[in-house]
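The structure under discussion appears below in the form of structure tokens.
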């Protein structure tokens with residue numbers, strides 16, 4: 002799993018018929034390093050194209066800015082006609098948190114985009130959803146009321162003053178709405194029926210707005226209305242879920258087609274379970290499901306853990322196994338193959354040309370280390386040894402969780418196993434991170450040094466790379482130290498038959514810490530900021546000494562149980 006912050010951007014452009022125009026926009030998006038274009042979805046009737054790209058916040062914001070700018074140059078709103086509501090060349094541009102970033106942070110990046118675009122482009126910008134500057138502007142439809150044609154008059158009103166940019170009508174570009182919103186998943190659940198009506202009955206049970214209440218017959222009876230004349234509804238089981246039933250001739254089955262608009266409120270696996278419950282109560286059966294588009298990795302991991310927990314089994318499984326369990330439990334491969342590399346956003350972001358050390362076999366990694374090249378070296382090996390220590394602690398936790406007669410302790414050991422998997426994954430990332438750090442130093446030393454400016458830039462790059470090459474093993478030390486807590490708990494409370502495995506985990510943790518400590522020591526010698534170097538050394542020494550004591554204590558515990 003990546004530890005990078007990832008956000009998705011889904012701008013809607015008011016052009017869906019001329020793909021040459023859209024190509025000009027997507028070209029500028031793809032020109033930004035660190036951004037991956039995921040999807041381009043044009044609509045002729047709506048005359049609108051939805052583009053999806055993802056990356057770390059800064060490059061995504063830069064790509065969004067360039068796209069908005071290019072759209073204002075190549076799309077003329079004064080000539081635009083289409084079925085979809087619109088008011089700008091770039092009509093709406095939401096930022097969506099995907100991984101390791103909060104909605105609040107996403108909203109801050111949305112404002113950075115609005116501020117930059119507003120100051121450099123002659124376009125009015127409005128902020129909506131979680132980035133809204135007032136409750137009235139939270140709803141996109143409210144801002145867009147009257148559409149493009151209403152802008153000249155609306156922009157004269159004080160209450161419609163843009164959040165960024167001029168309060169002047171731009172006939173060519175119109176106005177753009179920028180915001181931060183929740184990730185939306187389009188999700189279909191397959192039923193063993195061809196009846197659209199039966200599928201709708203399940204959809205009404207599940208979706209938030211539920212169904213209209215009727216007198217007498219629930220299908221043909223008179224609609225019950227409130228004092229305002231509005232239909233009275235019986236809410237469905239899942240909030241933040243929209244849904245209908247439909248029949249798909251291509252598949253020969255009916256589906257419950259849903260939009261999950263807030264995965265924090267209703268996760269995908271909860272919507273699936275509610276469909277199963279409703280279908281069974283109505284004499285039907287869920288046979289599988291499909292995800293339309295891409296999903297964040299967390300969606301799959303949460304689903305995998307849910308189904309393992311339901312089986313009364315440890316949730317401390319590796320990422321690959323959690324995904325496999327999710328795919329099989331949700332039936333995601335019933336209609337078409339489910340390829341995690343193509344369906345999970347974080348996997349889509351992976352460099353297709355990269356060859357991570359952690360993807361090698363044990364033999365290949367050993368051979369790579371034994372070559373006459375300086376990397377991978379002691380830093381990467383230290384991180385890997387630490388990962389093995391975490392793996393041993395996790396193994397004992399999982400063995401303990403599944404031990405016959407210890408059923409009442411499942412949650413206790415499952416929690417430890419999850420912690421161990423997290424530590425293992427962090428340390429595995431540091432295997433490649435350490436080699437990358439070394440390569441950055443080498444790259445900095447190879448920079449040109451002919452002019453005064455080049456010398457200064459080279460010196461700065463060397464110092465930045467050196468600091469990175471200290472921070473990386475420092476992080477290895479910190480994460481490896483957390484392994485002690487795991488293995489100590491397993492020595493004290495885990496499966497007694499595996500006490501020596503936990504003990505070896507402690508030995509691995511100490512080896513990882515001391516190996517990384519050596520890297521910290523040698524690299525601080527090249528750091529120009531001697532005060533900062535001293536801080537690193539002091540912190541590393543403290544961890545190293547504590548590690549020595551921890552290892553001695555745990556080994557003593559192990560020997561006492563042998």
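In our numbering, the protein residues as written are 2 to 563.
Beta carbons: idealized from backbone N, C-alpha and C, even for Gly.
TODO: Thinking residue 269 and residue 293 are a contact (beta carbons under 8 Å), I'd like their distance in whole angstroms, please.
DONE: Position 268 of the chain shown, counting from 1, holds the residue named residue 269. Position 292 of the chain shown, counting from 1, holds the residue named residue 293. About 12 Å; that fails the 8 Å criterion.
- [ ] Ignore the nearest five residues each way along the sequence and tell me which others in residue 53's own chain have a CB closer than 6 Å to its CB.
- [x] Position 52 of the chain shown holds residue 53. Cβ within range, chain order: 11, 39, 40.
Task: Coil, strand or helix - residue 243 by DSSP - done: Here residue 243 is taken as the residue at index 242 of the chain shown, counted from 1. Three-state result, residue 243: strand.
Task: DSSP bridge partner residues for residue 345 (one or two, in chain order) - done: Position 344 of the chain shown, counted from the start, is the residue given in the question as residue 345. In the DSSP output, where bridge partners are listed per residue, residue 345 has 296.
Task: Exposure of residue 363, with buried meaning 16 or more beta-carbon neighbours within 10 Å - done: Taking the chain shown and counting its residues from 1, the one referred to as residue 363 is at position 362. Burial call: exposed.
Open item on the list: Quick check: what's the CA-CA separation for residue 276 versus residue 95?
Closed with: If you number the chain shown from 1, residue 276 lands on position 275. If you number the chain shown from 1, residue 95 lands on position 94. Cα to Cα, the separation comes out at about 30 Å.
Task: Cβ-based neighbour list, residue 134, same chain, cut-off 8 Å, excluding 5 preceding and 5 following - done: One-based indexing of the chain shown puts residue 134 at position 133. Excluding positions up to five away in sequence, the list reads 128, 164.
Task: Beta-carbon gap between residue 180 and residue 131 smaller than 8 Å - done: Working through the chain shown from its first residue, we reach residue 180 at position 179. Working through the chain shown from its first residue, we reach residue 131 at position 130. Cβ atoms of residue 180 and residue 131: closer than 8 Å.
Open item on the list: Tell me the DSSP secondary structure of residue 177 in three-state form.
Closed with: Looking up residue 177 in the chain shown gives position 176. Residue 177: strand per DSSP, three-state reduction.
TODO: Could you tell me whether the segment 394-408 touches the segment 278-298, where touching means 3 or more Cβ pairs closer than 8 Å?
DONE: no
TODO: Check the C-beta distance from residue 83 over to residue 15 and give it rounded, since I have them as a contact under 8 Å.
DONE: Locating residue 83 in the chain shown gives position 82, where the first residue counts as 1. Locating residue 15 in the chain shown gives position 14, where the first residue counts as 1. Confirmed, Cβ separation roughly 7 Å.
Open item on the list: Distance check for residue 92 and residue 141, CA to CA, integer angstroms please.
Closed with: Residue numbering aside, residue 141 sits at position 140 when the chain shown is read from its first letter. Residue numbering aside, residue 92 sits at position 91 when the chain shown is read from its first letter. If you take the alpha carbons of residue 141 and residue 92, they lie about 10 Å apart.
Open item on the list: Determine whether the beta carbon atoms of residue 217 and residue 234 lie at a separation below 8 Å.
Closed with: Along the chain shown, read from residue 1 onward, the residue named residue 217 stands at position 216. Along the chain shown, read from residue 1 onward, the residue named residue 234 stands at position 233. In this structure, residue 234 does not lie closer than 8 Å to residue 217 by Cβ.
Task: Whether residue 263 touches residue 183 by CB criterion (8 Å) - done: Reading the chain shown from its first residue, position 262 is the one you call residue 263. Reading the chain shown from its first residue, position 182 is the one you call residue 183. Against a cut-off of 8 Å, the Cβ pair of residue 183 and residue 263 comes out as a contact.
Open item on the list: Only counting the same chain, and skipping five residues up and downstream in sequence, which positions put a Cβ closer than 8 Å to that of residue 272?
Closed with: Taking the chain shown and counting its residues from 1, the one referred to as residue 272 is at position 271. Hits under 8 Å: 188, 190, 207, 239, 242, 259, 261.
Task: the segment 418-436 in contact with the segment 370-389 per 3-pair CB rule at 8 Å - done: yes
TODO: Could you tell me whether the Cβ atoms of residue 75 and residue 25 are closer together than 8 Å?
DONE: For this step, residue 75 is matched to residue 74 along the chain shown. For this step, residue 25 is matched to residue 24 along the chain shown. Yes; because the gap between Cβ atoms is below 8 Å, this pair is in contact.
TODO: Could you say which of 378, 32, 50 lies nearest to residue 85 if we only look at CA atoms?
DONE: Taking the first residue of the chain shown as position 1, residue 85 is located at position 84. Minimum Cα distance to residue 85 is reached at 50.
Open item on the list: Taking the alpha-carbon of residue 342 as reference, which of 330, 357, 324, 171 has the nearest alpha-carbon?
Closed with: Along the chain shown, read from residue 1 onward, the residue named residue 342 stands at position 341. The option with the nearest alpha carbon to residue 342 is 324.
Task: Limits of the beta strand (DSSP E) - the one that residue 256 falls within - done: Taking the first residue of the chain shown as position 1, residue 256 is located at position 255. First-last of the beta strand (DSSP E) with residue 256: 254-261.
TODO: Mark residue 474 as exposed unless 16 or more other C-beta atoms lie within 10 angstroms of its C-beta, in which case mark it buried.
DONE: Counted from its first residue, the chain shown places residue 474 at position 473. Its Cβ being crowded by 16 or more others within 10 Å, residue 474 is buried.
Open item on the list: When you compare the CB positions of residue 417 and residue 487, do they come within less than 8 Å of one another, or not?
Closed with: The residue you call residue 417 lines up with position 416 of the chain shown. The residue you call residue 487 lines up with position 486 of the chain shown. Against a cut-off of 8 Å, the Cβ pair of residue 487 and residue 417 comes out as a contact.
- [ ] On the DSSP bridge assignment, give the partners of residue 291 in chain order.
- [x] Looking up residue 291 in the chain shown gives position 290. 189.
- [ ] Apply the 10 Å Cβ neighbour rule to residue 446 and answer buried if 16 or more other Cβ atoms are within range, or exposed otherwise.
- [x] Indexing the chain shown from 1 puts residue 446 at position 445. Exposed, by the Cβ-count rule.
Task: Reference residue 252; option with closest CA among 288, 284, 320 - done: Counting from one through the chain shown, the residue named residue 252 turns up at place 251. Of the listed residues, the one whose Cα sits closest to residue 252 is 288.
TODO: Please state if the CB of residue 145 and the CB of residue 178 are separated by a distance shorter than 8 Å.
DONE: Position 177 of the chain shown, counting from 1, holds the residue named residue 178. Position 144 of the chain shown, counting from 1, holds the residue named residue 145. A contact, by the Cβ cut-off of 8 Å.
Open item on the list: Using C-beta distances below 7 Å, list every residue in its chain close to residue 1, excluding the 5 sequence neighbours before and after it, in chain order.
Closed with: Nothing in the structure corresponds to residue 1, since the chain is present only between 2 and 563.
- [ ] May I have the straight-line CA-CA distance separating residue 518 from residue 450, to the nearest angstrom?
- [x] Within the chain shown, residue 518 is the residue found at index 517, counting from 1. Within the chain shown, residue 450 is the residue found at index 449, counting from 1. Those two C-alpha atoms are separated by around 32 Å.
Task: Buried versus exposed, by CB contacts within 10 Å (16 or more), residue 256 - done: Locating residue 256 in the chain shown gives position 255, counting from the first residue. By the neighbour-count rule (16 or more Cβ atoms within 10 Å), residue 256 is buried.
Task: Coil, strand or helix - residue 92 by DSSP - done: Here the question's residue 92 lines up with position 91 in the chain shown. DSSP places residue 92 in strand when its eight states are reduced to three.
Task: Anticipated Cβ contact below 8 Å, residue 43 with residue 30, distance rounded - done: Here residue 43 is taken as the residue at index 42 of the chain shown, counted from 1. Here residue 30 is taken as the residue at index 29 of the chain shown, counted from 1. Not a contact, Cβ separation roughly 15 Å.
TODO: Check the C-beta distance from residue 332 over to residue 318 and give it rounded, since I have them as a contact under 8 Å.
DONE: For the purposes of this step, residue 332 is taken as residue 331 along the chain shown, with counting starting at 1. For the purposes of this step, residue 318 is taken as residue 317 along the chain shown, with counting starting at 1. Contact doesn't hold; Cβ gap of about 19 Å is too wide.
TODO: Would you kindly work out how many angstroms separate the C-alpha atoms of residue 174 and residue 265, rounded to a whole number?
DONE: Numbered from 1 along the chain shown, position 173 holds the residue referred to as residue 174. Numbered from 1 along the chain shown, position 264 holds the residue referred to as residue 265. Near 35 Å, if we compare the C-alpha coordinates of residue 265 and residue 174.
TODO: Could you name each continuous beta strand (DSSP E) segment of 3 residues or more that falls completely within the segment 40-78, going from the start of the chain to the end?
DONE: 49-56
TODO: Spatial neighbours of residue 1 within its chain, please: CB distance less than 7 Å, with the 5 preceding and 5 following residues excluded, ordered by chain position.
DONE: An answer regarding residue 1 cannot be provided, because it is not within the stretch 2 to 563 covered by the chain.
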